[in-house]
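Peer 1:
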C-alpha cells in the first residue's frame, strides 16, 4: 500500500511545536485587549471560525492540525491584530502631534499587510503544501519579533509621554503657587528679622530687581556697594601682587647674579698667592705697589657688593612681607566676597519673608492700635473710678464723724436743738451720700463688668493673633517644603529628560532593525515566490516510483491491460503531448493482446488508491 504525503510532513515536530507556542502566545496577547476595543472590533469584523483544534479530514479529534490550518489561523488573527491597532490609532489620533505612539502605530500599519499577504499565501490550498516549511517558519519568526519590538516601543513611549505630561502639570502648578505667593505683599515679623520693620517706601531698587510697597533691610545697598569696592580692591591687589611677583623674580635673579659674582671674587681673594719665578721676583717686588692698590680696590668693591647684597636682601624681605600681606588681603577679600554673596542670599530670603509677613504684621498692628485705644479708654474710666473711690472714702469718713457726733448728741441732750438740726442736716447729707455711694457701687460694678469683658475680649484677640502667627509660620514651613519638592521635581525632570533621550536612541536603533527586518522579509518573499512558480513543475518521486514499478511488473507478468492503464495515467500526470503519446503507443497502433500465462492478480488496490488521491487533490483545489 502506498502512503500519501501529509501537507505538514515537511515540518519537524520541534518546529511545529514552536509554531503552536507562538500561536498560543498570540492568542494570549489578543485576550489582553480591552473589552471596548474588542466589542468594536466584533461589530466591524464579525468573528470567523479560527479554532486551532478543528478536526481534520481524517476525523481524528486528537490529531494535530496541519501547517496549512496553522497558517490560516495565524493569518486571521494577525488581520484581527491589525484591526485592533487601527482602532487604537484612530482613538489615540486626538493626541498632539508630538505623541511618540503615532509613529509606532504607523509602522505597525505599514509592516502588517506584508506579513498578512505572506500568511494568506501559505493558507491558499493550491500552493499550501508547505514543501519548504523552514522558510515559512523564518518569515513567521521575523514578523513576530518585529511586532513585539514595535508594541514594546509603543508602550514605553506612551508611558513616558504620560509621565512627562504629569510632571509638567505638577511643575506648572508649583510655579503658579510660587508666583501667587510672591505677588501677595507680606511684611516681615520681628521674630524672624533682627531689625525692626520700617515704613513701606514707594519703590526700592536693588541689584536683583524692583520691590514696591516695602523697604529693604538696613545696610543692604551699602553692603552691595562694599562688595563691589572689595571686589575692585581684590582685582587691584591681584594686579599689584602679580607686579610684585615679577619684581621679586627680577630681584631674585639679580641677587643670584650678585651672589655668584661675590663668591667668585671671594674665591679669587682667598686663593694663596703663587710665588713668582726667581728671574721675575725683582719685577714683582717693583710692582708691589700696584698689587696692593688693586687689592684695596677689590676690597672696596667687595664691601660695596656686600652692602648692595644686604640692600637687596632687605628689599627682598620687605617685598616678601608685602607679598604675604597681599595674599592675606586677597584671602580676606575672597572670604568677604563669599560672605557678601551669602548676605545677598540672606537678604533675598529676608525680602521674601518680609513679603510673606507684611499682611500678618499689618493686621496685628491694626489690632494692637485698637487694643491701645481701648486700653486708654479703660485707663480713663479707671481714673474716674479712682476719683469715685476717693469720694466714697471721704463719705465714709464723714459718716464716721456723724456717728461720733450722734454719740455725743446722746450724751449731750442739753444741746438737743442744735444737735437735732445738725442731725437733720447730717441725715440729709448721709442720705445723699448713701445714694451717691449706691450709684457709685453700681457704676463700679458696671465698670468692673465692662473691664472683665474687655480683658476677656482682648485675651481672645491675643489668642487669635497668636494662632494666626502660628498658622503663618506653618505656611512658611509648607512653602519651604514645596520649594524642596520643586527642586526634587526638577531633578526628576532632568532624569526623565535623560531617559527620554535614551528612549529616542533606542527608537532609532529599533527603526534600523525594522528596516533590516523588512529587507529580510522582502528577500524571503522573492525567494518564496520563485519557489512557488517552480513548484508547479514538481512531481512526487514516490508516486512515479510506484507507477514505474507497477508498469514493469505488469510487463513482466504479461498484464497488458494494467500496463496500458498505468501508461495512460503516467502520460496524464506527466502531461504528455500528442507526439509523446504516439511514440509510446497510446495513439495509433494497438498493442497486441496476449493471453495471460499466469492467473490475473487483483490490481484494484493501487488504482483505487491513486484515484482517491486524485479526487482528494481535486476537492482541495476547489
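Residue numbers (full-length UniProt numbering): 1 to 622. Ideal Cβ placement from N, Cα and C applies to all residues, glycine included.
#1: Indicate the three-state DSSP secondary structure (helix, strand or coil) for residue 399 in the structure shown.
#2: Taking contact to mean 3 or more Cβ pairs, one atom from each stretch, closer than 8 angstroms, check whether the stretch 422-431 and the stretch 399-406 are in contact.
#3: Under the three-state reduction of DSSP, which class applies to residue 434: helix, strand or coil?
#4: Is the separation between the beta-carbon of residue 444 and that of residue 375 shorter than 8 angstroms?
#5: Using 8 angstroms for Cβ pairs, my map puts residue 566 next to residue 554. What's the rounded Cβ distance?
#6: If contacts are defined as beta-carbon pairs under 8 angstroms, then residue 433 and residue 398 qualify, I think. What distance do you get, rounded to the angstrom?
#7: Can you tell me whether residue 355 is buried or exposed? The criterion is at least 16 other CB atoms within 10 Å of its CB, across all chains shown.
#8: For residue 521, count neighbouring Cβ atoms within 10 angstroms of its own Cβ and tell me buried if that reaches 16, exposed if not.
#9: Run through DSSP, which three-state label would residue 586 get?
#10: DSSP on residue 523, reduced to helix/strand/coil?
#11: Taking the alpha carbon of residue 249 as the reference point, which residue from 304, 394 and 317 has its own alpha carbon closest?
#12: How big is the Cα-Cα spacing for residue 501 and residue 528?
#13: Check residue 576 in the structure and name its three-state DSSP category.
#14: Taking all protein chains shown into account, decide if residue 601 is buried (16 or more other Cβ within 10 angstroms of its Cβ) or exposed.
#15: Of the residues 329, 350 and 319, which one's Cα is nearest the Cα of residue 232?
#16: How many Å lie between residue 550 and residue 541 at the Cα?
#17: Does the Cβ of residue 504 have 16 or more other Cβ atoms within 10 Å, making it buried, or fewer, making it exposed?
#18: Leaving out five residues on either side along the sequence, give the residues of the same chain with a beta carbon under 7 angstroms from the beta carbon of residue 548.
#19: Rounded to whole angstroms, what is the Cα-Cα separation between residue 410 and residue 396?
#20: In this structure, does DSSP put residue 239 in helix, strand or coil?
#21: So what's residue 319 in DSSP terms, helix, strand or just coil?
#22: Report the residue from 525, 479, 571 and 517 whose alpha carbon sits nearest the alpha carbon of residue 179.
#23: Using a Cβ-Cβ cutoff of less than 8 angstroms, which residues in the same chain neighbour residue 568 once the five nearest sequence positions on both sides are dropped?
#24: Would you give the residue range spanned by the alpha helix (DSSP H) that residue 550 belongs to?
#25: Would residue 177 pass as a contact of residue 482 if the rule is Cβ separation under 8 angstroms?
#26: Does the Cβ-Cβ distance between residue 319 and residue 240 come in under 8 angstroms?
#27: Identify which residue in 352, 335 and 489 has its Cα closest to the Cα of residue 166.
Peer 2: Checking against the coordinates, here is how it stands:
#1: helix
#2: Yes, since at least three Cβ pairs between the stretch 422-431 and the stretch 399-406 fall closer than 8 angstroms, the two stretches touch.
#3: helix
#4: no
#5: 6 angstroms
#6: 7 angstroms
#7: buried
#8: buried
#9: coil
#10: helix
#11: 317
#12: 40 angstroms
#13: The answer is coil: DSSP assigns residue 576 none of H, G, I, E or B.
#14: Only weak support exists for where residue 601 lies, its pLDDT of 47 falling under 50; the coordinates are left without a value.
#15: For the residues 329, 350 and 319, the minimum Cα distance to residue 232 belongs to 329.
#16: Residue 550 and residue 541 have their alpha carbons spaced roughly 14 angstroms apart.
#17: exposed
#18: There are no such residues.
#19: 21 angstroms
#20: helix
#21: Residue 319 falls in the helix class under three-state DSSP.
#22: Residue nearest to residue 179 within the set 525, 479, 571 and 517 is 479 (criterion: CA-CA distance).
#23: 586
#24: 541-557
#25: Taking 8 angstroms as the cut-off, the Cβ atoms of residue 177 and residue 482 count as close.
#26: no
#27: 489
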